[in-house]
Each structure stands twice: as structure tokens, then as C-alpha cells.
Ligand SMILES: [Zn+2]
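Numbering (this note's numbering), first residue to last: -10 to 134.
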């Protein structure tokens, strides 16, 4: 339990009191009041321990701040790993824009190639290609850039 300096509002008697966080909050909010040991007057807290770095001192199990620090470090590490995993996954499954195996700048370009290059069927007839299959790829491309 942290120690707090107090001063009596009546006689000015200074004292050190040990308070739990719950009790400290109660006193600070005025829900609970401390009594002077010499005049039984109202005792006020001398300082706000929030301004004092007593929480920075680590106990054997590590202080509050060091635990928060460890937690943050763990989260930062984990989000980095997750981001890398996502990146790897996207990279592996990403289809490179192409038309008949010929790499293109983007899917829109691939679609233009497809439109400009008629398909020749088994009987030697030029048939317009169905270029609509490129549409979702173009859409995806546009939304990701
Ligand atoms: Zn007093």
C-alpha cells in the first residue's frame, strides 16, 4: 500500500498514512474522510500520488507500469507478426495481371488486350472474347489502390 502525506486542516499536524487505492480514491472523492490523531479534525491529502512516480518502482513481480509495458510490447510484437502473415497470404494468392500469360500493367490493360485479340475457335473463326471475367479483378484492383 502506498504511503500518503496528510495535513490536518485544523491543527496543521502532518502525518503519513497508508491507504489502499480504493481508500485513497474514497478520500480523494470526499466519500471518506481521515481524522486527525491529535484534534480529530479533518485531514487533507497533501499531494496527489498520481504526480509521484512510486508506481515506477518495480516489486519482485514487476510493478504496474512494467506489466503494462510488457503487455504493450507483446501486443506490438503480435500485431507485427499478424501483419506479416497477412502480407504473405495476400502475396501468395495474388494473381498477377495478365492476358494469356503475358503480364500486363494492370487488369484493365489485360481486359483491353483480351478485347483487342479475338479468340479463334476450332473452325478458324474469330470469336469475340468474353471480357466480363476481368471485371471483378479490375474492381478489386481499383478498390485496393
Ligand atoms: Zn488536527
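By construction, the Cβ of each residue, glycine as well, lies at the ideal position given by its N, Cα and C atoms. Since this is a predicted model, take the numbers as computed values, not measurements.
How far does the alpha helix (DSSP H) with residue 99 in it reach, from first residue to last? According to the DSSP assignment, residue 99 belongs to the alpha helix (DSSP H) that extends over 96 to 105.
What is the DSSP secondary structure of residue 85, reduced to helix, strand or coil? DSSP places residue 85 outside both helix and strand once states are collapsed to three, so it counts as coil.
Identify the residues that DSSP records as bridge partners of residue 31: which are they? 24.
Which residues have their C-beta within less than 6 Å of a heavy atom of ligand 1, listed in chain order? The set of residues with CB atoms less than 6 Å from any heavy atom of ligand 1 reads, in chain order, -3, -1, 0, 2, 25, 27, 28, 30.
Since I believe residue 35 is in contact with residue -4 (beta carbons under 8 Å), could you give me their beta-carbon distance rounded to a whole number of angstroms? Taking C-beta atoms under 8 Å as the contact rule, residue -4 and residue 35 qualify, at a distance of about 5 Å.
If contacts are defined as beta-carbon pairs under 8 Å, then residue 130 and residue 95 qualify, I think. What distance do you get, rounded to the angstrom? The pair is a contact, with the Cβ atoms about 6 Å apart (cut-off 8 Å).
Starting from residue 111 and walking both ways along the alpha helix (DSSP H), at which residues does that stretch end? Judged by DSSP secondary structure, residue 111 falls outside any alpha helix (DSSP H); it is assigned neither H nor E.
Is the distance from the Cβ of residue 5 to the Cβ of residue 30 below 7 Å? For residue 5 and residue 30, no; Cβs fall outside 7 Å.
Whole-angstrom distance between residue 133 and residue 87, CA atom to CA atom: Cα-Cα distance, rounded: 18 Å.
Of the residues -6, 106, 102, which one's Cα is nearest the Cα of residue 13? In terms of Cα proximity to residue 13, the closest of -6, 106, 102 is -6.
Between the C-alpha atoms of residue 44 and residue 21, what's the straight-line distance to the nearest angstrom? The predicted model places residue 44 with a pLDDT of 47, which falls under 50 and marks its position as unreliable, so this point remains unresolved.
Work out the CA separation of residue 67 and residue 90 for me, nearest whole Å. Here the C-alpha atom of residue 90 lies approximately 38 Å from the C-alpha atom of residue 67.
Using DSSP bridges, identify the partner residues of residue 5. -6, per the DSSP bridge assignment.
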